[in-house]
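Here is the structure we will look at.
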Amino acid sequence: MNIVVCVKRVPDTAAEKKLDPQDFTLDRDSVEAIINPVDEYAVEEALKLREAQGGEVTVLTMGPDGAEKDAVRKALALGADRGVLVKDDRLHGSDAIATARTLAAALAKLEFDLVIMGSESTDARTSLVPQALAQLLGLPGLTNVKHLEVADGTATVQREEEGGYAVVQCALPALVSVVKGINEPRYPSLKGIMSAKSKPVDVLSADDAGVDASQVGLEGSGTRVLSATARPPKEKGVIVVDDGDAAAKLADFLQQHKFI
Amino acid sequence: MTELWTILDHEGGELRKVSLQMLTAARGLAPALGMEPAAVFAGAGFDRAKDALAEYGAGKVYVAESEDLDRYLLQPTIELLAGLIQERQPGVVLFASVPAGKDLASGVAARLGAGVMADVVELAADGDRVTCSMSVFGGATQTTCQVAGSPQLICLKPNAVVAEPSSGELTEERVDVTVSDGAKRAAITDRVQQEAGGRPAVEEASIIVSGGRGLAGPENFRLVEDLADVLGAGVGASRAAVDAGWYPHQHQVGQTGKTVSPQLYVAVGISGAIQHRAGMQTSKTIVVINKDAEAPLLQMADFGVVGDLFTVVPALTEELRKRKGS
Ligand SMILES: Cc1cc2nc3c(=O)[nH]c(=O)nc-3n(C[C@H](O)[C@H](O)[C@H](O)COP(=O)(O)OP(=O)(O)OC[C@H]3O[C@@H](n4cnc5c(N)ncnc54)[C@H](O)[C@@H]3O)c2cc1C
Ligand SMILES: Nc1ncnc2c1ncn2[C@@H]1O[C@H](COP(=O)(O)O)[C@@H](O)[C@H]1O
């Protein structure tokens, strides 16, 4: 079974992020970058399936220069077989749907039975890319999956829903997005890190990937950012040190604000 | 007149609160855009939704009732909505910014080549455009955005707007539902409800009480649940508590959990690591109970208690019960 895992390079949350004052896109050089944390669960799920059933795992990333080192090679170090990076200045500023278009074009050139993604990126946090990508590829989009089994060409998943989960069955090919906790991601071994350096990574331009350049980037995106401002600091609140009456004071506060 | 649609979020006809909030937002916004509000009900159980729709002034409702929409995952509804939008050409379509609503919005956007904004907390009219405000980077930055072209697809976060009833006649327009074979590939074979006690889900709750490592063990989450129940709140948890196996993952708030902005967020025994703050710092009112006066979350508290949660929380629950009773 061949699997493509989409991983994104994101800024480390612990670092402060800046928006480019000109076009309000994320200034990705201003911060340290990591593989999107939830995507590590996607990689792990793919590796587990390959170990059980054979086949190849390809990592696919759309991103700037550093994405090869920070995302693709990291996934290769965990055990993925090869990588594809779509990198092109014309992709700068792509929104979720434009990102999905780019990934869809690159995926059309790959052979796969299953696409596995994270449910949400920590920088964009839109969760829009997976279902959009499923539509563009004409695949069933099984999003927010917390348990995945594949047998005889059929995927059976538990999908998180409000207050519980749904069990969904679907013949492959399909697209799955996974939530944190679906598995326990492994750490890269020293051997993995060494061998990652020699694994093949195809770096594609938008043209190589077959992306229609008018449909991506800042101009090709269907959304426009008008302004971005730092959130004003919160006004200082009331702090009480409990000497027996804190509960009553807090109850007063909650009552004043009509929470009871 | 061009319409502004609300795609209703419901469970078998039981409307979720966010639907009433969207109807309220739509009513406020439509006149300024020169549009007329209308709602779309897709799924089974319209009869159960009727009263609430009338009470919250839904006006015109497109009703696409079919069990098939609930039997197969998402795709039939995505295709239905995309078709209906193409046919009726609404100018703006509001979805709930919850996982199900975002999936519908992004699926429809990809099929129609339309633009979509997620996680919007404020809407304003600017000519025929809707200016959307949202927080990014865990609430550190506020942005305003617009969708280019038409329709403008917008996902509104729960609790961004306070739902207000409104009078007006409810009119129904029935819509045929046909489900293509291609849309039947992912079949739902079972639904499992795990939530006990009818507490609201964290993503929807207008009040959340969250517990962290300070609770010292899974059995003490009962303190958090008891407080949540007097307040009618949902229960959240820090990652430390979730990773320790004290509370299920779907309750985790933060960078790798849910991003919430309830009216009230009560943090019990949570230190306030940046990854936790990223999921809750846009909450309207923040209450923190922590025994360490240096805990970073106390910095952003509207009301902070420096004290032992094992005495403060039960006392607070008791006090609130008493006041509610009188
Ligand atoms: C990539 C990544 C993603 C992450 N994502 C998330 C996320 O989504 N959500 C999240 O929450 N964290 C996340 N974290 C973890 C985060 O960094 C913190 O480790 C975590 O939030 C700490 O949880 P806590 O506040 O419950 O525990 P602690 O930091 O241990 O804090 C416990 C607090 O309880 C107080 N306390 C103890 N006993 C008492 C008592 N008797 N009475 C009152 N107070 C008491 C202590 O003073 C302390 O402040 C992430 C980390 C990483 C690296
Ligand atoms: N630029 C990208 N390259 C590869 N995968 C991506 C990219 N952006 C988003 N994804 C995938 O889509 C998922 C959801 O991201 P988002 O929709 O941005 O919240 C991520 O977890 C990734 O698996």
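For the record, the sequence lines run as chains A and B. Count the first sequence with our numbering and you get residues -8 to 251, in order. Count the second sequence with our numbering and you get residues 166 to 491, in order. Positions of the beta carbon are idealized from the N, C-alpha and C atoms, including for glycine. This one's a predicted model, so the numbers in the text were calculated from it and none came from an experiment.
At a cut-off of 6 Å, would you count residue i as near ligand 3, judging by its Cβ distance to the nearest heavy atom?
i, result
"residue -3 of chain A", "Only ligand 1 and ligand 2 can be found as ligands here, which leaves ligand 3 out of the picture."
Applying the criterion that 16 or more other CB atoms from any shown protein chain within 10 Å of the CB defines a buried residue, is residue i buried or exposed?
i, result
"residue 412 of chain B", "buried"
"residue 427 of chain B", "buried"
"residue 467 of chain B", "buried"
"residue 129 of chain A", "exposed"
"residue 339 of chain B", "exposed"
"residue 244 of chain B", "buried"
"residue 345 of chain B", "exposed"
"residue 74 of chain A", "buried"
"residue 267 of chain B", "buried"
"residue 165 of chain A", "buried"
"residue 195 of chain A", "buried"
"residue 354 of chain B", "exposed"
"residue 34 of chain A", "buried"
"residue 185 of chain A", "exposed"
"residue 114 of chain A", "buried"
"residue 79 of chain A", "buried"
"residue 52 of chain A", "buried"
"residue 317 of chain B", "buried"
May I ask whether a heavy atom of ligand 2 can be found less than 6 Å away from the beta carbon of residue i?
i, result
"residue 118 of chain A", "yes"
"residue 27 of chain A", "yes"
"residue 204 of chain B", "no"
"residue 53 of chain A", "yes"
"residue 112 of chain A", "yes"
"residue 90 of chain A", "yes"
"residue 46 of chain A", "no"
"residue 166 of chain B", "no"
"residue 95 of chain A", "no"
"residue 108 of chain A", "yes"
"residue 291 of chain B", "no"
"residue 87 of chain A", "yes"
"residue 79 of chain A", "no"
"residue 265 of chain B", "no"
"residue 325 of chain B", "no"
"residue 30 of chain A", "yes"
"residue 270 of chain B", "no"
Tell me the DSSP secondary structure of residue i in three-state form.
i, result
"residue 289 of chain A", "Residue numbering for chain A in the displayed model covers -8 to 251; residue 289 of chain A lies beyond these limits and cannot be assessed."
"residue 188 of chain A", "coil"
"residue 468 of chain B", "strand"
"residue 177 of chain A", "coil"
"residue 321 of chain B", "strand"
"residue 250 of chain A", "coil"
"residue 149 of chain A", "strand"
"residue 221 of chain B", "strand"
"residue 364 of chain B", "coil"
"residue 337 of chain B", "strand"
"residue 242 of chain B", "helix"
"residue 193 of chain A", "strand"
"residue 329 of chain B", "coil"
"residue 423 of chain B", "strand"
"residue 135 of chain A", "strand"
"residue 205 of chain A", "helix"
"residue 102 of chain A", "coil"
"residue 32 of chain A", "helix"
"residue 51 of chain A", "strand"
"residue 44 of chain A", "helix"
"residue 299 of chain B", "strand"
"residue 166 of chain A", "strand"
"residue 293 of chain B", "coil"
"residue 244 of chain A", "helix"
"residue 210 of chain A", "helix"
"residue 198 of chain B", "helix"
"residue 252 of chain B", "helix"
"residue 120 of chain A", "helix"
My understanding is that residue i touches residue j, with C-beta atoms under 8 Å, so please give their C-beta distance in whole angstroms.
i, j, result
"residue 211 of chain A", "residue 312 of chain B", "Contact doesn't hold; Cβ gap of about 14 Å is too wide."
"residue 93 of chain A", "residue 82 of chain A", "6 Å"
"residue 195 of chain B", "residue 169 of chain B", "5 Å"
"residue 375 of chain B", "residue 430 of chain B", "7 Å"
"residue 47 of chain A", "residue -7 of chain A", "5 Å"
"residue 84 of chain A", "residue 0 of chain A", "Contact doesn't hold; Cβ gap of about 16 Å is too wide."
Do we get a CB-CB distance below 7 Å when we pair residue i with the residues of chain E?
i, result
"residue 178 of chain A", "Protein chains in the displayed structure are A and B, and chain E is not among them."
message: Quick check on the contact list: which residues have their beta carbon closer than 5 Å to a heavy atom of ligand 1?
response: A/28, B/377, B/378, B/379, B/403, B/404, B/405, B/419, B/420, B/421, B/422, B/434, B/435, B/436, B/438, B/440, B/441, B/455, B/456, B/457, B/460, B/473 and B/474
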